[in-house]
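Here the structure is laid out as structure tokens; the discussion comes afterwards.
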Ligand code: CO
Ligand code: ZN
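Numbering (my numbering), first residue to last: 39 to 366.
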């Protein structure tokens, strides 16, 4: 799976510009689905038929980035965020545009007591003038973090593991499922990072009986970390609550029972911030029971997100267990 994860994290596909990663995923799943289609917003849906209960499994394809708002007289790019970007973590990092242009994040000098905000930052693409900068990039273009994939053994580091790791898990589950017992809709969604937008239209179109998102979550296991029970390497996380969702009790029980029965390591997750596609799925039409299988991830929304492959394997097994358990 490492090679698949490496491939998925190496493409640049910010929210609204999911074409490159969608093409890659399509290629991976074509042989493993009964039907594949794209909806009008760009969600990629792979159906595999098995039973009556419609299960929507969602992983988002998009990643966070920065969008050029202005090019100044000296050729430095000013930008706004696409998704949640922490300005404190940007200086010295690199970003890459779709045409291959690379930039370095720099910051203006701050006055005492002044906080570093996005408006104090710029992207330096090595242009010597505004004219030279405009030849390379225009206002409205989006860059994503540019950082290589690193294999640390059981753990891996890459940009965009949020949520390419969810995509990899869903692809792997689709390849492994032998006896699907439900009507499965494996959905690779667009625009999660800007407000769970793709999941909204995908869920409306599919009209599922059950929705499960597969996405990363924060951990509390690093020095002086925020108090969170989630630890890297302690198993797949079954979400109980975040800012977008209180997991339906039926879904929480289903995932917990399946993990127990199949000896899959798991931990419960309460995230006091953030949201996932399930927050949108649950509010579709007259309501959909929804939950989330989370992958613990350190350094979320930075160019160096870290996951443990044992948690990834646990998540794949839990997704396959949902696929192969008759829910009618
Ligand atoms: Co995210
Ligand atoms: Zn995510």
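A virtual CB, placed ideally from N, CA and C, is assigned to each residue, including glycine.
Flag residue i as yes if its beta-carbon sits less than 8 Å from any beta-carbon of chain B, otherwise no.
i: residue 202; result: Annotation note: the requested chain B is absent from the structure, which comprises a single protein chain.
Tell me which residues share the same chain as residue i and place their Cβ nearer than 8 Å to its Cβ, disregarding the 5 neighbours each side in the sequence.
i: residue 239; result: 77, 78, 79 and 81
i: residue 302; result: 273, 274, 296, 352, 355, 356 and 359
i: residue 148; result: 154 and 158
Looking at residue i and the ligand CO, is the gap between the Cβ and the nearest heavy atom below 7 Å?
i: residue 233; result: no
i: residue 164; result: no
i: residue 339; result: yes
i: residue 121; result: yes
What residue range is occupied by the uninterrupted beta strand (DSSP E) comprising residue i?
i: residue 76; result: 73 to 76
i: residue 334; result: 328 to 334
i: residue 118; result: 115 to 120
i: residue 345; result: 343 to 346
Which same chain residues end up closer than 6 Å to residue i when comparing Cβ atoms and leaving out the 5 residues on each side of it in sequence?
i: residue 289; result: 327 and 329
i: residue 318; result: 234, 237 and 238
i: residue 280; result: 309, 312 and 313
i: residue 66; result: 209
i: residue 365; result: 91 and 220
i: residue 48; result: none
i: residue 212; result: 67, 70 and 224
i: residue 96; result: 225, 227, 237, 251 and 315
i: residue 215; result: 358 and 361
i: residue 191; result: none
Any heavy atom of the ligand ZN closer than 7 Å to the CB of residue i?
i: residue 230; result: yes
Short of 7 Å in beta carbon distance, which residues of its chain neighbour residue i, apart from the five on each side in sequence? Order them along the chain.
i: residue 139; result: 163, 174 and 175
i: residue 165; result: 113, 171 and 174
i: residue 145; result: 129, 154, 158 and 159
Which residues mark the beginning and the end of the alpha helix (DSSP H) in which residue i is found?
i: residue 298; result: 287 to 299
i: residue 207; result: 199 to 214
i: residue 172; result: 168 to 174
i: residue 191; result: Residue 191 -> no alpha helix (DSSP H), and no H or E assigned at all.
i: residue 319; result: 315 to 319
Can you check whether the CB of residue j is closer than 8 Å to the CB of residue i?
i: residue 63; j: residue 205; result: yes
i: residue 256; j: residue 266; result: yes
i: residue 179; j: residue 135; result: yes
i: residue 202; j: residue 43; result: yes
i: residue 168; j: residue 105; result: no
i: residue 103; j: residue 182; result: yes
i: residue 391; j: residue 253; result: Summary: the structure shown does not reach residue 391, with the chain confined to residues 39 through 366, and so no result is reported for it.
i: residue 194; j: residue 323; result: no
i: residue 350; j: residue 331; result: no
i: residue 123; j: residue 156; result: yes
i: residue 229; j: residue 100; result: yes
Below 5 Å from a heavy atom of the ligand ZN - residues by beta-carbon: Answer in sequence order: 200, 201 and 253.
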